[in-house]
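Residue numbers (this note's numbering), protein chains in the order written: chain A, 12 to 401; chain B, 12 to 401. Glycine is no exception: its CB is placed at the ideal position from the N, C-alpha and C atoms. Have a look at the structure below, then the notes.
Written out as structure tokens, the structure is:
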């Protein structure tokens, strides 16, 4: 068995949704407080020696430089803290930095998380802010926003592989169903394929129910060096693979927009580090910002051959009872997508699943988990692999 | 001698100033190109396995998610890249992450730098964007911007220690003089104490010439594991100390606004790591965003006792010919302060000084250097110590 890179000894998630009246700092504290309460052996002030926070944008709250503010609100000053930004992968990248810090021996016990407060602004303003993660002179300037960008990926996939609108809809249906079992999810109600197909078009073939919502939320993990993990818990979850790759910021420079090259590259490296193959994954959280993205993730992760993602949905392979349950949390689609929080929120779900704390959505006996997170139009891709610590 | 954390084998700096017509991506490439050209043994595509970029704000260019764009423009895709943000310490924090990555063994040869494109917007817009690094509900909302925040620190320092407007002015005069010797500096002309005192008040006691300018620019370093350094250069510069501390985001929560607690804490830790004391520092770059900040930096770094910073200037201790030359590059005040670029630009200057490449501003025989960088109203503080590799 490979040596772990770092170990998750606790995790916390704020309720996701429209959290009126709460600032970023308060949302983050809500998540951290849960992680601290679940880990009575941890004395945050004594133990935590670094804070890593992912956040996409300063624009929602007109607030940059959030890391010292969060350290302050957690009563953890003067512990070093900083913010990482890589669009929707902001907190996955924070987690990778935390892993570097732990592997370096320069930090032992860190708090890593992500946060975004989005619902205080009108939808058009949020859409514009999100659009900043695409290329300004080559994309934004011409008026395209992310639904349009992913719609182009979807039409390319449909043209190349015959993927259907019904298959896209099945991603939303599955993830909404999982969301009904997650009390933290933004949406906790079932929808049908008919509902998705009948919802209003945003950018064809993507309808409203093909899109993840605008949500507020925060997520965090207490991450330690593997040798310290047992001091804090009998059930650590080890990170055994972590890889990242980049692609062009703009779609226009890509050879193939019907596949996710960053995920393919990061998955290959993460599987090698972890010494596992796709077929050994018991549970996965993938980046379903739009339904097409989940289908492309299946293919890039090797859960199926290129072009066969829609078929996995037809066959129910990725449902709770299927062979590789995907997005048991409800995914970005139903749990919500507070952008900066998403990366470590995926890791939180895997932590819950691998420690048997996932309640009604628990996958029995899950030992190996995976998270796949992309930023922008998959210009950044992070894949991480986790193993139950026994 | 302590074991180095990482080694600088090359460095590059774009010209600082109003760089009309250049985007962030192009400024960064200008800096990286210089670093690559100065290091013929380096084959960027073959060797560089990680990119760490500091940038303060997405708002200047309406462009977030800059790391993949920079990786693309450098022809380094799919190498992992991300952005760190910690206000004016954004690239110092990127450098610390790069050090973690190298110390972890997960990266060997990385490009670390920073960039900011600021002069494309009107001054009032830039001032508002910079203000985002202060506390929104407790500071920004009430209309205060950074000149006002540092003016409060200056008046506290004057009241407590008797520091004078003339002493503040001497910081600007010294740094402008150094700037005349740096062809990359934004300002390359001498000014007098009378000029500073006669310049228009921005926030008393700070006049226009007490403030660093709004500049465009980029800086970068090629950082390797110490054991690989000699493969690329006969004159590496080793990073032997690196520490970071946080304080409250808002001034209102501090016990003492006449001192820089983050710098004191980070300096103590960095000196211990490096096994050196303040008196051994041959050359230092400190964070003179406003003249008062340089005086407070002297005190927090132990270059003099608390309250004696002004006296160091009266005695010329920190001039080029003095005992501890400070801001030989011209500092933020004359070289310019493209926010995200500043941290690694300070490291670039120390690299030049310790390798004998600083031209007319060369400090003869310099062996040990220091950089001190603060973010916001010193809510983040980074201190790093460097040793000539011989």
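Cβ distance (whole Å) where residue 383 of chain B is taken to contact residue 297 of chain B below 8 angstroms:
4 angstroms
At a Cβ cut of 9 angstroms, what residues of the segment 221-245 of chain A count as close to chain B, listed as they run along the chain?
none
So, with DSSP's three-state summary, where would you put residue 218 of chain B?
strand
Is the segment 256-276 of chain B touching the segment 382-401 of chain B, taking contact as three or more C-beta pairs under 8 angstroms?
yes
Count the other CB atoms within 10 Å of the CB of residue 41 of chain A; is the residue buried (16 or more) or exposed (fewer)?
buried
Nearest by alpha-carbon distance to residue 364 of chain B: which of B:353, B:344 and B:339 is it?
B:339
Would residue 300 of chain A pass as a contact of residue 222 of chain A if the rule is Cβ separation under 9 angstroms?
yes
For residue 384 of chain A, does the three-state DSSP call read helix, strand or coil?
strand
Residue range of the alpha helix (DSSP H) that includes residue 355 of chain A
353-365
Is the separation between the beta-carbon of residue 98 of chain A and that of residue 350 of chain A shorter than 9 angstroms?
yes
Starting from the N-terminal side, write out each stretch of the alpha helix (DSSP H) that is 4 residues or longer and does not extend beyond the segment 59-99 of chain B.
77-84
Run down chain A in chain order and give the residues with a C-beta less than 8 angstroms from the C-beta of residue 94 of chain B.
95, 96 and 97
Span of the alpha helix (DSSP H) around residue 283 of chain B:
272-285
Between residue 216 of chain B and chain A, is there a C-beta pair that is closer than 9 angstroms?
no
With 8 angstroms as the limit, tell me which residues of the segment 276-303 of chain A have their beta carbon closer than that to any beta carbon of chain B; keep them in chain order.
276
Could you work out which residue in B:38, B:315 and B:374 is closest to residue 288 of chain B when comparing CA atoms only?
B:315
Per DSSP, the bridge partner or partners of residue 335 of chain A
The partner list for residue 335 of chain A (beta bridge, DSSP) is empty, contrary to what the question assumes.
What residues in the segment 381-394 of chain A bring their beta carbon closer than 7 angstroms to a beta carbon of chain B?
386, 387, 390 and 391
How about residue 55 of chain A and residue 86 of chain A: are their beta carbons less than 9 angstroms apart?
yes
With which residues is residue 257 of chain A paired in a DSSP beta bridge?
A:391
Report the CB separation of residue 243 of chain A from residue 52 of chain A in whole angstroms; it is logged as a contact under 8 angstroms.
5 angstroms
Counting pairs of Cβ atoms below 8 angstroms between the segment 115-128 of chain A and the segment 62-77 of chain A, do you hit three or more?
yes
Shortest alpha-carbon distance to residue 355 of chain B belongs to which of B:60, B:100, B:71 and B:31?
B:100
Going by DSSP, what residue range makes up the beta strand (DSSP E) through residue 231 of chain A?
228-235
Can you tell which of A:193, A:22 and A:91 has the C-alpha that lies nearest to the C-alpha of residue 370 of chain A?
A:193
Rounded to whole angstroms, how far is the Cβ of residue 23 of chain A from the Cβ of residue 46 of chain A, which I believe are closer than 8 angstroms?
3 angstroms
Using 9 angstroms as the limit for Cβ to Cβ distance, is residue 40 of chain B near chain A?
no
How is residue 379 of chain A classed by DSSP in three states: helix, strand or coil?
strand
Which residues in chain B have a C-beta closer than 8 angstroms to the C-beta of residue 104 of chain A? List them in chain order.
93
So which residues of chain A does residue 262 of chain B contact, with C-beta pairs closer than 7 angstroms?
Neighbours of residue 262 of chain B on chain A: none; closest Cβ ~12 angstroms, over 7 angstroms.
Between B:70, B:71, B:90 and B:207, which has its C-alpha nearest residue 7 of chain B's C-alpha?
In this structure chain B extends from 12 to 401, so residue 7 of chain B is not present and cannot be described.
Within chain B, the residues that residue 116 of chain A reaches when beta carbons sit closer than 9 angstroms:
114 and 115
Take residue 153 of chain B as the anchor and find which of B:293, B:142 and B:161 has the nearest alpha-carbon.
B:142
Would you say residue 315 of chain B faces chain A, with C-beta separation under 9 angstroms as the test?
no
Opening and closing residue of the beta strand (DSSP E) in which residue 296 of chain B lies
294-296
Report all residues from its chain with a CB closer than 8 angstroms to the CB of residue 202 of chain A; omit the five preceding and five following residues, and keep chain order.
183, 184, 187 and 220
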